[in-house]
Amino acid sequence: MTRTANNTNKRSRDNGGKGDSNGRKKKKVEQPLIPDGILPSYLATAFGEIYDNDGLAIFGSGLGWLSLMAAFVRFYADTEEGHLSIIQEEEKFSTGRVMTTKKPLVLVLGLRDEEHQTLKTMLENWGTPGETMPTIITNESGQGKDRAQLYQRGGIFCVTSRILIVDLLDNTLSAKDVDGMLIGHADKVNNDSTEAFIIRIYTSQKRRDRCFIKAFTDSPEYLLSGFAKVDKTLKALQVRHLYLYPRFHDAVKNELEQNTPHVQELHQDLSPSMKEIQTAIVTAVQACMKQLKKSTPFVEWVSDDFAIENCVTSAFDRAVTRQLEKDWHRLSFSIKQLVTDLKTLRTLFSSLIQYDCISFWKLISSIKTLSAASRNPSLWLLTDAANLIFQRAKERMYKIHRDKPTKDLPQPVGRLIPILEENPKWRLLKKVLLEIEETEKKQQQQRSQSDSRDQTPATIMVVVKDDRTVDVVKSYLVKGRDWTMTKRWLNYLEQYNDRRSIVTGKMSEESRLLLEEESRVRNILFRKKKSRDMTGSNEDRERQAILEEAVEETEHDIEKSRKTTAEELIVEEQEEEDGTYNNMFQPFFIEEPRVIIKSLSSIDSTAVGLVLADLAPDHVVLYDFDISLVRSIEVYAALNPLRKENRLQVYFLMFAASSEQKVFTKALEREQSAFERLINHKQTMPPPVLQVEGTQEMQQALANGSVAGTYKNGTLPLSMDTRRGAGKAKAEKRDIAVDVREFRSALPSILHRSGMRLAPVTLIVGDFILSNVHCVERKSLSDLFGSLSNGRLYDQAVAMSKYYACPCLLIEFDPAKSFCLQNSNELGMDIKTDSVCSKIATLTSSFPKLRILWSRTPHETLRLFKELKVNHDEVDVAKAIEVGKSESLDVLLQTEKISKGDGVEDDDEEDEINEAGRDMLLHLPGVNVHIARKIMQECDSLSDLIAMNRDQLRALAGPVPGQKLFT
Numbered sequence: 014m015t016r017t018a019n020n021t022n023k024r025s026r027d028n029g030g031k032g033d034s035n036g037r038k039k040k041k042v043e044q045p046l047i048p049d050g051i052l053p054s055y056l057a058t059a060f061g062e063i064y065d066n067d068g069l070a071i072f073g074s075g076l077g078w079l080s081l082m083a084a085f086v087r088f089y090a091d092t093e094e095g096h097l098s099i100i101q102e103e104e105k106f107s108t109g110r111v112m113t114t115k116k117p118l119v120l121v122l123g124l125r126d127e128e129h130q131t132l133k134t135m136l137e138n139w140g141t142p143g144e145t146m147p148t149i150i151t152n153e154s155g156q157g158k159d160r161a162q163l164y165q166r167g168g169i170f171c172v173t174s175r176i177l178i179v180d181l182l183d184n185t186l187s188a189k190d191v192d193g194m195l196i197g198h199a200d201k202v203n204n205d206s207t208e209a210f211i212i213r214i215y216t217s218q219k220r221r222d223r224c225f226i227k228a229f230t231d232s233p234e235y236l237l238s239g240f241a242k243v244d245k246t247l248k249a250l251q252v253r254h255l256y257l258y259p260r261f262h263d264a265v266k267n268e269l270e271q272n273t274p275h276v277q278e279l280h281q282d283l284s285p286s287m288k289e290i291q292t293a294i295v296t297a298v299q300a301c302m303k304q305l306k307k308s309t310p311f312v313e314w315v316s317d318d319f320a321i322e323n324c325v326t327s328a329f330d331r332a333v334t335r336q337l338e339k340d341w342h343r344l345s346f347s348i349k350q351l352v353t354d355l356k357t358l359r360t361l362f363s364s365l366i367q368y369d370c371i372s373f374w375k376l377i378s379s380i381k382t383l384s385a386a387s388r389n390p391s392l393w394l395l396t397d398a399a400n401l402i403f404q405r406a407k408e409r410m411y412k413i414h415r416d417k418p419t420k421d422l423p424q425p426v427g428r429l430i431p432i433l434e435e436n437p438k439w440r441l442l443k444k445v446l447l448e449i450e451e452t453e454k455k456q457q458q459q460r461s462q463s464d465s466r467d468q469t470p471a472t473i474m475v476v477v478k479d480d481r482t483v484d485v486v487k488s489y490l491v492k493g494r495d496w497t498m499t500k501r502w503l504n505y506l507e508q509y510n511d512r513r514s515i516v517t518g519k520m521s522e523e524s525r526l527l528l529e530e531e532s533r534v535r536n537i538l539f540r541k542k543k544s545r546d547m548t549g550s551n552e553d554r555e556r557q558a559i560l561e562e563a564v565e566e567t568e569h570d571i572e573k574s575r576k577t578t579a580e581e582l583i584v585e586e587q588e589e590e591d592g593t594y595n596n597m598f599q600p601f602f603i604e605e606p607r608v609i610i611k612s613l614s615s616i617d618s619t620a621v622g623l624v625l626a627d628l629a630p631d632h633v634v635l636y637d638f639d640i641s642l643v644r645s646i647e648v649y650a651a652l653n654p655l656r657k658e659n660r661l662q663v664y665f666l667m668f669a670a671s672s673e674q675k676v677f678t679k680a681l682e683r684e685q686s687a688f689e690r691l692i693n694h695k696q697t698m699p700p701p702v703l704q705v706e707g708t709q710e711m712q713q714a715l716a717n718g719s720v721a722g723t724y725k726n727g728t729l730p731l732s733m734d735t736r737r738g739a740g741k742a743k744a745e746k747r748d749i750a751v752d753v754r755e756f757r758s759a760l761p762s763i764l765h766r767s768g769m770r771l772a773p774v775t776l777i778v779g780d781f782i783l784s785n786v787h788c789v790e791r792k793s794l795s796d797l798f799g800s801l802s803n804g805r806l807y808d809q810a811v812a813m814s815k816y817y818a819c820p821c822l823l824i825e826f827d828p829a830k831s832f833c834l835q836n837s838n839e840l841g842m843d844i845k846t847d848s849v850c851s852k853i854a855t856l857t858s859s860f861p862k863l864r865i866l867w868s869r870t871p872h873e874t875l876r877l878f879k880e881l882k883v884n885h886d887e888v889d890v891a892k893a894i895e896v897g898k899s900e901s902l903d904v905l906l907q908t909e910k911i912s913k914g915d916g917v918e919d920d921d922e923e924d925e926i927n928e929a930g931r932d933m934l935l936h937l938p939g940v941n942v943h944i945a946r947k948i949m950q951e952c953d954s955l956s957d958l959i960a961m962n963r964d965q966l967r968a969l970a971g972p973v974p975g976q977k978l979f980t
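Numbering of the sequence shown is given in this note's numbering, commencing with residue 14 and proceeding in unit increments.
Structural data, given as structure tokens:
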């Protein structure tokens, strides 16, 4: 099948592409597939390029890769003006008749749940008919037969990788029926991933020139995070072309700079205390890095990633962890604690500028408390920098003032003075909103003079980091600074005093003052009139008067905020009807513009454009921001051209000389550097990578027609071993029953690629059944520790030992980490019951038949599986499925014999104990362990026990237990 750029552009002209140039007559499209002004022109250009030639498209963050995928979904779903009509025209042009009439079956992989909903919302906004909307396949979509009926109808399906690979393996979906795949987040695809497994099966059954694979991602830096990562990703995707669309691409640059919004970048200085704290955190990081380098002389710390200026970014944590990963087992507790401390200090940078003074103090206090209770306390807490951090953080909340001692008062009583320093960015936000109000009033007067009909109030969209910031900022704007800080101050006092009440002993002066402060603040906030004891000393009365004077301004602001309470309640009732406006409110200090506050954590990065289109804000205030948000605003402004005076107003609120500014600039630098390296790599990319057409085994098997199948009537092709040496006289055992939950891991993909035939089934006992003898339970290190702690592994060992002669526990290690269960530094002279080694020793002593398989990598696991299958027959899949299901009463009443070989019972060995029958026996009235042992020696099964009369039971179990058994 030959796809030409002319035919592609003919159908994509409504998306911004060029018209047909081959002279064919175009159909008149009454309604375009995608309305005008929905997609920027650079995405329309990318649509035509990627449609003609499959490949991996890498976009800059926020440039709309999901919108491009939605355009492909809309194009392939439309049977009249989409992909199907192009195929039919090509067939009619070449053969004179139309042979393809079935709706295309296209699979969408790699999207998160939020992105599925964003994709559907985009298509709905484009007016996509309901019958062409994509179907989302989840665990709730029914059984395999239900999904098979859906697949037969054709259309677009958004499906998870785990469900799809199972459907392909058990022939619920035939790969021959799939027309193509759209893959999101392609940077996560590697040779061992489930997506690569799916693509390998797909391309082995269908010629590569008769199907399409189009992949998208917006994470260029992750494609450069390893050796030849780009080449490996292209090979796993089995595509030849690489498309790059950075922000500095000519098409992107020209599109976004035609109608740029009015941008004001406002810098707010940190308070003096915050500056000192930030400097102290940098000093603590320097001390930790100095100690870390000194303690690890065998590690080379020469990369620029370890510069102190980069310590505020998440890349700093990844660089440190990656540098120590191979030697992690050699590190002592103190070195590991230093790595943890670096992560903690990095979070303090963002918390300092994000939190108010009370929240920040609670954070560092909890860090100090946890460190004090730890066996390995944080060393940075013992430095002078830490003392300065705690001192300045407390001074931002309150100070204890003492008058100079006099002869009359040699020991003056201290007074607690609340400081309650607000976040400086709050004041900047208030200033911006007041400025916007003033601007809107002037524009409103101009419109009224010109008799303009547009009298709708302006909308201000404020974007913050998370829901926590939403609550604080909303409280500040609605109720004022003093009420907000005083309420949070009261919450802290209640928490502190409740904790202090548990501690017995003499109360310090500071604790006494905080206790008094709580009752005073509660009285102010809730206006509870209570009698005051005026018989105290003059100092007490003086302190009370000073404290009341300090909060006089608070009461004034509370009165102002109460005037807006009724209006706020009415607005909130209206907001409940529409979730889009669930954070719309009216600040107390402005009258007209409505304010809507949204958090970055509640908006998926691909859905920012939809939110902007729904709200249609006149002003956007970026209290917090990231690259994706800024780019999405640029795209929104480009798609909604307005006159210069009416363009979107964007305000950047940023702390000057802070970690916030450094994080944003570093993110921009990393993305630009990644694209520059990708551009250079594309120019020098070796030809073999550009001509990947599947694995050699797949292509040879397809050419020879010798592709074998699995259990579904031999319909599923495999990557098979094509060696035909004289030494291979005996056929290799290849059948393995795999539990469907194991397809989340890379092991099934590796097994399949090596030639194993996999049967995806739901297993009750074990994860992999290699033969009728071998049952394997796979555990990663984290899963192993968890299973040993909660006892789940014991139950699994009981079940495997009961039904299989050779139960195996496979412990898989991370290839990038050390090949050991415990650090040698953790092994002492004494035996510890909570040690993982002690637990495994106890497990093996309790189950002598249990074999432990130690595997460094999944490829080593493959070799172990092959060796275990050599001398045994292939697995009986039907029998493996039935193992462990509820047993009938007849099975409980007879002694079970365990197969010792390939279906042959070992008559020389004594019959194994039927554990289900033994458990039932122990639950009978009057039966304990000693009596049960006597009964099991005399009776072969429960049916023999039931047949006994009263006298026989009394003689066997004793008078009282025998009577209980009989009755």
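From the three backbone atoms N, C-alpha and C, an ideal C-beta is built for every residue, glycine too.
- For E435, there is no enclosing alpha helix (DSSP H), as DSSP gives it neither H nor E.
- For V298, the three-state secondary structure derived from DSSP is helix.
- Rounded to the nearest whole angstrom, the C-alpha separation of L269 and D637 is 22 Å.
- CA-CA distance, A772 to Q251, rounds to 25 Å.
- Among the bridge pairs identified by DSSP, E451 is matched with none.
- With a cut-off of 8 Å on Cβ pairs, the stretch 234 to 244 is not in contact with the stretch 206 to 214, counting fewer than three such pairs.
- Residue range T472 to V477 is occupied by the beta strand (DSSP E) that includes T472.
- Membership of W867 in any alpha helix (DSSP H) is not indicated; the residue belongs instead to the beta strand (DSSP E) covering R864 to S868.
- Collapsing the DSSP output to three states places Q281 in a strand.
- Counting only runs of 3+ residues, the beta strand (DSSP E) found wholly inside the stretch 163 to 246 occupies 168 to 172, 193 to 196 and 225 to 230, in chain order.
- Taking the C-beta atoms as reference points, G77 is found no nearer than 8 Å to E684.
- A188 places its beta carbon 8 Å or farther from that of I150.
- In the structure shown, R160 falls within a helical segment according to DSSP collapsed to helix, strand and coil.
- The straight-line gap separating the alpha-carbon atoms of F319 and T360 is approximately 17 Å.
- With distances taken between CA atoms, S762 lies nearest to L182 out of N962, M498, L182 and S802.
- Assignment of beta-bridge partners to H943 by DSSP yields no partner.
- As the crow flies, the alpha-carbon of G193 is around 13 Å from that of S217.
- The distance from the Cβ of V608 to that of I473 is about 5 Å, consistent with a contact at the 8 Å cut-off.
- Taking 3 residues as the shortest admissible run, the stretch 740 to 790 contains the following complete beta strand (DSSP E) segments, listed from N- to C-terminal end: 748 to 752 and 770 to 774.
- Of the residues assessed, E825 falls on the buried side of the cut-off, its CB having 16 or more other CB atoms within 10 angstroms.
- Between E104 and L764, the alpha-carbon positions lie close to 40 Å from each other.
- Counting C-beta pairs with one atom in each stretch, the stretch 888 to 897 and the stretch 779 to 793 have three or more that are closer than 8 Å, which means they touch.
- DSSP, reduced to helix, strand and coil, places G975 within a helical segment of the structure shown.
- Note that the stretch 114 to 123 touches the stretch 158 to 168; at least 3 beta-carbon pairs, one per stretch, sit closer than 8 Å.
- Ranked by how close their Cα comes to the Cα of L305, the residues Q336, I290 and P285 have Q336 in first place.
- Counting only residues of its own chain and dropping the five nearest sequence neighbours on each side, S672 has a CB closer than 6 Å to the CB of V325 and F362.
- Between the alpha carbons of F85 and P699 lies a distance of about 29 Å.
- Per DSSP, I366 is one residue of the alpha helix (DSSP H) stretching across F346 to Q367.
- Ranked by Cα distance from D282, the first of I366, R690, A293 and R220 is I366.
- Non-local C-beta neighbours of G897 in its own chain, meaning closer than 7 Å and more than five positions away in sequence, comprise I777, V778, A812 and Y816, ordered along the chain.
- Pairwise C-beta distances place the stretch 660 to 679 out of contact with the stretch 89 to 108, as fewer than three of them are shorter than 8 Å.
- Per the C-alpha coordinates, the member of R525, K455 and T497 positioned closest to I413 is R525.
- Restricting attention to E435, V475 and V445, the CA atom closest to the CA of G493 is found in E435.
- With a beta-carbon spacing of about 21 Å, L681 and I616 fall beyond the 8 Å limit used to define contacts.
- Going by DSSP, K412 is part of the beta strand (DSSP E) stretching over Y411 to H414.
- Close CB contacts of S618 within its chain, under the 6 Å cut and outside five residues either way in sequence, are with S641 (chain order).
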